[in-house]
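Colleague:
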Amino acid sequence: MGMGSMNARRSAVNFDGEAFEQAVADCHERGVKVYLTLNTLIFDDEMAEAQRLFERACAAGVDGIIVQDIGFAQRMRESAPDMAIHASTQMSLHNPAGMILLHRMGFTRAVLARELSEGELAEIAAASPIELEVFVHGALCMSVSGQCLMSAVLGGRSGNRGRCAQPCRLPFRAGSTEYCLSLRDNSLMEYIPRLKEL
Numbered sequence: 054m055g056m057g058s059m060n061a062r063r064s065a066v067n068f069d070g071e072a073f074e075q076a077v078a079d080c081h082e083r084g085v086k087v088y089l090t091l092n093t094l095i096f097d098d099e100m101a102e103a104q105r106l107f108e109r110a111c112a113a114g115v116d117g118i119i120v121q122d123i124g125f126a127q128r129m130r131e132s133a134p135d136m137a138i139h140a141s142t143q144m145s146l147h148n149p150a151g152m153i154l155l156h157r158m159g160f161t162r163a164v165l166a167r168e169l170s171e172g173e174l175a176e177i178a179a180a181s182p183i184e185l186e187v188f189v190h191g192a193l194c195m196s197v198s199g200q201c202l203m204s205a206v207l208g209g210r211s212g213n214r215g216r217c218a219q220p221c222r223l224p225f226r227a228g229s230t231e232y233c234l235s236l237r238d239n240s241l242m243e244y245i246p247r248l249k250e251l
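So for the sequence shown, the working numbering puts the first residue at 54; every next one is plus one.
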């Protein structure tokens with residue numbers, strides 16, 4: 054769940070502090086875990102606000118935090134050593150070495166880059182000391198998740214700040230292809246049993 058503006062769904066209606074706390078309580082009453090998304094890059098002048106959101110989420114009893122900014126993740130680990138920290142897909146995690154580094158930093162789960170092949174997923178799964186998660190449905194970035202600057206360059210809205218305008222969905226012509234930058238949406242639902250075996 055997002056609270057404030059430091060999440061990858063910044064344009065969505067996110068929770069304010071009191072509504073977030075109530076939502077956490079309601080979810081826990083029903084046996085549902087809650088994770089705060091702090092999954093954007095955080096600038097130096099925003100660290101205090103990010104810390105405030107993190108502390109409020111901890112006080113509300115969240116079960117974990119999903120984060121993109123590795124520097125802020127280190128800060129979270131120091132201030133709340135027992136909090137579960139998950140690496141966002143925005144970190145562009147794409148190899149076993151990344152999983153080992155995250156484990157050393159105290160991460161408990163990584164949401165892998167959406168661009169990985171089944172073979173690459175299997176290689177990472179075989180070597181990973183932490184839990185893994187993959188997206189099975191939704192939009193794919195025309196670049197590498199977490200690394201695309203197209204929206205920032207063309208419209209001043211960075212995907213790494215939760216404000217992607219998805220300009221790659223607009224018509225860009227190459228020969229007879231009108232939408233050459235718009236990838237098909239990810240749909241791996243039928244492959245879930247195979248993914249679980251990795």
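Cβ coordinates follow ideal geometry from the N, Cα and C atoms, glycine included.
Write down every uninterrupted run of the alpha helix (DSSP H) in the region 129-163 whose length is 4 residues or greater and which is fully enclosed by it, in chain order.
Modeller: Here the runs fully enclosed are 149-157.
Colleague: Name the one or two DSSP bridge partners that HIS190 has.
Modeller: Your numbering for residue 190 matches position 137 in the sequence shown. SER240.
Colleague: Just confirm the distance between the C-beta atoms of MET144 and ALA180, as a whole number of angstroms; I'd bet it's less than 8 Å.
Modeller: Here residue 144 refers to the residue found at position 91 of the sequence shown. Here residue 180 refers to the residue found at position 127 of the sequence shown. With 8 Å as the limit, MET144 and ALA180 do not qualify as a contact, their Cβ atoms being about 17 Å apart.
Colleague: Hey, how far is the Cα of THR161 from the Cα of GLY228?
Modeller: Start at 1 with the first residue of the sequence shown, and residue 161 comes out as number 108. Start at 1 with the first residue of the sequence shown, and residue 228 comes out as number 175. If you take the alpha carbons of THR161 and GLY228, they lie about 46 Å apart.
Colleague: Starting from GLY172, follow the alpha helix (DSSP H) in both directions and report where the run begins and ends.
Modeller: The residue labelled residue 172 in the question sits at position 119 within the sequence shown. That run of the alpha helix (DSSP H) goes 171-180.
Colleague: If contacts are defined as beta-carbon pairs under 8 Å, then ASN92 and VAL115 qualify, I think. What distance do you get, rounded to the angstrom?
Modeller: The count along the sequence shown starts at 1 and reaches residue 92 at position 39. The count along the sequence shown starts at 1 and reaches residue 115 at position 62. Rounded, the Cβ-Cβ distance is 14 Å, inconsistent with contact.
Colleague: Straight-line CA distance for GLU74 to MET129?
Modeller: Sequence index remark: in the sequence shown, residue 74 carries index 21 (1-based). Sequence index remark: in the sequence shown, residue 129 carries index 76 (1-based). When rounded, the distance between both Cα atoms is 19 Å.
Colleague: Who are GLY120's beta bridge partners in DSSP?
Modeller: Sequence index remark: in the sequence shown, residue 120 carries index 67 (1-based). The question names Gly, yet the displayed sequence has Val at residue 120. DSSP, once it has assigned bridges, lists LEU91 and ALA140 as partnering VAL120.
Colleague: Quick check: PHE107 and ILE118, are their CB atoms within less than 8 Å of each other?
Modeller: Within the sequence shown, numbered from 1, the residue matching residue 107 stands at position 54. Within the sequence shown, numbered from 1, the residue matching residue 118 stands at position 65. Yes.
Colleague: In chain order, what residues of the same chain have a beta carbon less than 7 Å from the beta carbon of ILE245, not counting five sequence neighbours either side?
Modeller: Here residue 245 refers to the residue found at position 192 when the sequence shown is read from its first residue. Cβ within range, chain order: VAL189.
Colleague: Inspect the CB distances between the region 155-170 and the region 123-141 and report whether three or more fall short of 8 Å.
Modeller: Flag = yes, the region 155-170 and the region 123-141 touch.
Colleague: Would you list the residues sitting across from LEU185 in a DSSP beta bridge?
Modeller: Stepping through the sequence shown from its first residue, residue 185 is reached at position 132. DSSP output for LEU185 lists ALA163 as bridge partner(s).
Colleague: With a 10 Å radius around its C-beta and 16 neighbouring C-beta atoms as the bar for buried, classify VAL206 as buried or exposed.
Modeller: In the sequence shown, counting from the first residue as 1, residue 206 sits at position 153. Result: exposed.
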